[in-house]
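Residue numbers (this note's numbering): -5 to 77.
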Amino acid sequence: MLQGISSSASTLRNWQAMWQLKCCLNFELDSYLDTLADFPSSNTTLDTEKGKAFCIKIDVFKKKMWFAYADNPMLGTVLTFRK
């Protein structure tokens, strides 16, 4: 046993799988943050004929921002972001 970790084959495979997942998640996080940097701030508000709308969701991979109206949150709009 090394540092309190069992040296059985299944335990080692589990550790290997965990580190592969961690590596993959770190890559995805970097990609996500790079793409998110191209978007306007999530604090962005829109002044429209229907009233003021605020951002409620950003999907960086679909390049869309969802907005809801301050006076009527059930009424909203989706904008496709183009750089």
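For glycine and all other residues, C-beta sits at the position ideal for the given N, C-alpha and C. The model shown is predicted, which means the values in this text are computed figures rather than measured ones.
Next item on the list: Quick one: using the 10 Å Cβ neighbour count with 16 as the cut-off for buried, is Met59 buried or exposed?
Entry: To locate residue 59, count along the sequence shown from 1; it is residue 65. Burial call: buried.
Notebook entry, point to check: For the candidate residues Thr29, Asp28, Thr71, Phe55, whose alpha-carbon lies nearest to that of Ala47?
Noted result: Here residue 47 is taken as the residue at index 53 of the sequence shown, counted from 1. Nearest C-alpha to Ala47: Thr71.
Note to self: Please classify Leu30 as buried or exposed, where buried requires at least 16 other C-beta atoms within 10 Å of its C-beta.
What the structure shows: For the purposes of this step, residue 30 is taken as the residue at position 36 of the sequence shown. By the 10 Å Cβ count, Leu30 comes out exposed.
Note to self: I need the DSSP call for Met59, collapsed to helix, strand or coil.
What the structure shows: Looking up residue 59 in the sequence shown gives position 65. Met59 carries a strand assignment under DSSP once its states are collapsed to helix, strand and coil.
Next item on the list: Under 7 Å Cβ to Cβ from Thr38, same chain only, skipping five residues before and after it: list those, please.
Entry: The sequence position of residue 38 within the sequence shown is 44, counting from 1. Here Thr38 has Cys49 as same chain residues with Cβ atoms under 7 Å from its own Cβ, once five neighbours each way along the sequence are excluded.
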